[in-house]
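Engineer:
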Amino acid sequence: MSVTETRINLLDLDEVRLREFFQSIGEKPFRAEQILKWIYHQGVTDFELMTNLSKELRQRLERVAVVEPPKVLSEQVSLDGTTKWLIGFGGGNAVETVFIPETSRGTLCISSQVGCALNCTFCATGAQGFNRNLTTAEIIGQVWLAARALGHERNGIRRITNVVLMGMGEPLLNFDAVVPALSLLRHDLGFGFAAKRVTLSTAGLVPGIDRLRETIDVALAVSLHAPEDALRETLVPLNRKYPIRELMRSCADYVSDKHKRTVTFEYTLIDGVNDHPEHARQLVKLLRRLPSKLNLIPFNPFPGTRYRCSTAERIREFQEIVMAGGLIATVRKTRGDDIDAACGQLAGKVLDRTRRSQMLRQHMQRN
Ligand code: SAH
Numbered sequence: 037m038s039v040t041e042t043r044i045n046l047l048d049l050d051e052v053r054l055r056e057f058f059q060s061i062g063e064k065p066f067r068a069e070q071i072l073k074w075i076y077h078q079g080v081t082d083f084e085l086m087t088n089l090s091k092e093l094r095q096r097l098e099r100v101a102v103v104e105p106p107k108v109l110s111e112q113v114s115l116d117g118t119t120k121w122l123i124g125f126g127g128g129n130a131v132e133t134v135f136i137p138e139t140s141r142g143t144l145c146i147s148s149q150v151g152c153a154l155n156c157t158f159c160a161t162g163a164q165g166f167n168r169n170l171t172t173a174e175i176i177g178q179v180w181l182a183a184r185a186l187g188h189e190r191n192g193i194r195r196i197t198n199v200v201l202m203g204m205g206e207p208l209l210n211f212d213a214v215v216p217a218l219s220l221l222r223h224d225l226g227f228g229f230a231a232k233r234v235t236l237s238t239a240g241l242v243p244g245i246d247r248l249r250e251t252i253d254v255a256l257a258v259s260l261h262a263p264e265d266a267l268r269e270t271l272v273p274l275n276r277k278y279p280i281r282e283l284m285r286s287c288a289d290y291v292s293d294k295h296k297r298t299v300t301f302e303y304t305l306i307d308g309v310n311d312h313p314e315h316a317r318q319l320v321k322l323l324r325r326l327p328s329k330l331n332l333i334p335f336n337p338f339p340g341t342r343y344r345c346s347t348a349e350r351i352r353e354f355q356e357i358v359m360a361g362g363l364i365a366t367v368r369k370t371r372g373d374d375i376d377a378a379c380g381q382l383a384g385k386v387l388d389r390t391r392r393s394q395m396l397r398q399h400m401q402r403n
């Protein structure tokens, strides 16, 4: 058993809660600012090194708190520079975090749950089942670890320019832990990302989208994958609960808020399933009045799946139709597929699972 268990992990607290924490131990709330800068600007987790705090306060913090990020279990770098980390939380739980470098930006894709309960039929994470929600510390800890591994901020240049909650899990089903993590991503004393550079991706949890709109300002991505209910139900079972009509209402409300001008719709193109020209035309009708962007994702196969990726020609044709209809549509380049880091491939392989549990066992023996 670890001795840290009774101490509070400060990575779990956003700025507001950190102030409350200092107040609760009889300290001035502005201590929160000093600690946040140490953790998120300097990458320091050891209280001993936080030299602008009095020795007495440092010793006190030592007794009641920790700054404990999760552990990197492995790191893989793809030929295209995409980096994937397996990040462990103890007890056999691990998720994957992916960094995708491009010429003018670097996107970090983080996870919000171990596994996923939504069971989308084309997603490897869904096939794996659901284990548990991540805590705020485990979510923001992925960014902290990636920032450190990448040498994030050097000479004023940031390597991570965007963070997307598009890894494993449905972030809106873990709302209470996700929101403080979003707040730390946004806050100047945290990572300081602009609202448009932090994107939450959801399979379409309508009450969650509505609540998010009222809670914090971030960019929204919605996994649509079909222009009509019957087809969408076969791909995203959640559609039975929240059909397209309600989803569109919720998205329209989200973008009508003055800071949140567009919503990105993700559409995974699956051969012979949702890639027909008629689907593209239906999509135009559905989305043309909404300020939105369409992100077409070629399906990434994984072992055991019954689906295949659409042909290059079909993808081009689909994009042409939606663009001719007035939508803004891009085709997502597949990145890091040599290390299984592409969309929908995270920690999904049966083989990978065996490797992962072996790795975890070895890791536990070492520690
Ligand atoms: N639960 C959230 C975030 C995780 S999925 C959501 O559903 O949005 C991130 C994106 O990858 C989603 O758009 C998802 O539909 C897509 N995706 C999942 N499996 C995929 C696969 N095998 N190929 C391509 N994209 C996939």
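Our numbering numbers the first residue of the sequence shown as 37 and each following residue consecutively. The beta-carbon is built from N, C-alpha and C at its ideal position, and this holds for glycine as well.
(1) What are the uninterrupted segments assigned as beta strand (DSSP E) that are 3 or more residues long and contained completely in the stretch 187-220, given in chain order?
(2) Tell me which residue opens and which closes the beta strand (DSSP E) that Leu332 is part of.
(3) By Cβ distance below 8 angstroms, which residues in the same chain neighbour Gln59 in space, the five residues on each side in sequence not counted?
(4) Could you compute how far the alpha carbon of Lys91 sits from the alpha carbon of Asp82?
(5) Quick one: Cα of Glu242 to Cα of Tyr278, how far?
(6) Should Leu319 and Val358 be called a contact, given that it needs their Cβ atoms to be closer than 8 angstroms?
(7) Go through its chain and collect everything with a Cβ distance to Arg184's Cβ below 6 angstroms, but skip five positions before and after it.
(8) Give the secondary structure of Asn403 by DSSP, where H, G and I count as helix, E and B as strand, and everything else as coil.
(9) Among Gly228, Ala217, Phe227, whose alpha-carbon lies nearest the alpha-carbon of Leu236?
(10) Can you tell which of Asn336, Val299, Asp307, Arg342 has its C-alpha closest to the C-alpha of Arg324?
(11) Short check: CB of Phe211 to CB of Arg222, under 8 angstroms?
(12) Between Glu51 and chain D, is any beta-carbon pair separated by less than 8 angstroms?
(13) Helix or strand or just coil, what does DSSP make of Ser89?
(14) Would you mind giving the Cβ-Cβ distance between Ala231 and Cys156, rounded to the nearest angstrom? I have them listed as a contact below 8 angstroms.
(15) Please tell me whether, using a cut-off of 7 angstroms, the distance from the CB of Ser110 to the nearest non-hydrogen atom of the ligand FMN is below it.
(16) With hydrogens ignored, establish whether the beta-carbon of Phe338 is closer than 7 angstroms to any heavy atom of the ligand SAH.
(17) Using a Cβ-Cβ cut-off of 6 angstroms (strictly less than) and excluding sequence neighbours within five positions of Glu269, which residues of its own chain qualify?
(18) In the DSSP assignment, the alpha helix (DSSP H) including Thr161 goes from what residue to what residue?
(19) What runs of the beta strand (DSSP E), each 3 residues or longer, lie entirely inside the stretch 116-167?
(20) Is the beta carbon of Met202 within less than 7 angstroms of some heavy atom of the ligand SAH?
(21) In this structure, how does DSSP classify Arg397 when only helix, strand and coil are distinguished?
(22) Kindly give me the distance between the Cβ atoms of Met202 and Ala257, rounded to whole angstroms, as I take these residues to be in contact under 8 angstroms.
(23) Just to confirm before moving on: does the CB-CB distance between Leu363 and Ile351 stay below 8 angstroms?
(24) For Leu267, which option in Met284, Asn310, Cys287 has the closest C-alpha, if you only look at C-alpha atoms?
(25) Tell me Phe301's beta-bridge partners as DSSP assigns them.
(26) Under the three-state reduction of DSSP, which class applies to Ile375: helix, strand or coil?
(27) Checking the sheet assignment: what are the DSSP bridge partners for Gln112?
(28) Helix, strand or coil, according to DSSP, for Gly286 in the structure here?
(29) Please name the residue in Arg297, Lys369, Ile245 whose C-alpha comes closest to that of Leu305.
(30) Between which two residues does the alpha helix (DSSP H) holding Ile245 run?
(31) Going by alpha carbons, who is nearest to His312 out of Gly340, Asp293, Ala348?
(32) Check whether the Cβ of His261 sits closer than 7 angstroms to any heavy atom of the ligand SAH, and report yes or no.
(33) Please classify Lys232: does DSSP put it in a helix, a strand, or coil?
(34) Less than 8 angstroms between C-beta atoms, sequence neighbours within five positions excluded: which residues of the same chain meet that for Leu326?
(35) As a quick exercise: from Ala153, Pro106, Leu154, pick the residue whose alpha carbon is nearest that of Thr133.
(36) Comparing alpha-carbon positions, which option in Arg233, Leu208, Trp180 lies nearest Asp246?
Structural biologist: The relevant details are as follows:
(1) 198-201
(2) 328-334
(3) Cβ within range, chain order: Pro65.
(4) 13 angstroms
(5) For the record, residue 242 in the displayed sequence is Val; it is not Glu. When rounded, the distance between both Cα atoms is 6 angstroms.
(6) yes
(7) Gly79
(8) Because Asn403 carries a pLDDT of 39, less than 50, the predicted location of this residue cannot be relied on, and no value is offered for it.
(9) Ala217
(10) Val299
(11) no
(12) In the displayed structure, chain D is absent; only one protein chain is listed.
(13) A small correction: the amino acid at residue 89 is Leu; Ser does not occupy that position in the sequence shown. Coil at Leu89, not helix or strand.
(14) Ala231 to Cys156, Cβ: 27 angstroms. No contact.
(15) This structure lacks the ligand FMN; the ligands present are the ligand SAH.
(16) yes
(17) Asn275, Arg276
(18) 160-164
(19) 119-124, 130-137, 142-145, 149-151
(20) yes
(21) Reliability fails at Arg397, whose pLDDT of 47 lies under 50, so the model's placement of it is uncertain and no value is given.
(22) 7 angstroms
(23) no
(24) Out of Met284, Asn310, Cys287, Asn310 has the C-alpha closest to the C-alpha of Leu267.
(25) Note: Phe301 sits in a beta bridge opposite Val258, Leu330.
(26) helix
(27) Lys120
(28) According to the sequence displayed, residue 286 carries Ser and not Gly. Reduced to three states, the DSSP call for Ser286 is helix.
(29) Lys369
(30) 242-251
(31) Ala348
(32) yes
(33) helix
(34) Met284, Cys287, Ala288, Val291, Val299
(35) Pro106
(36) Leu208
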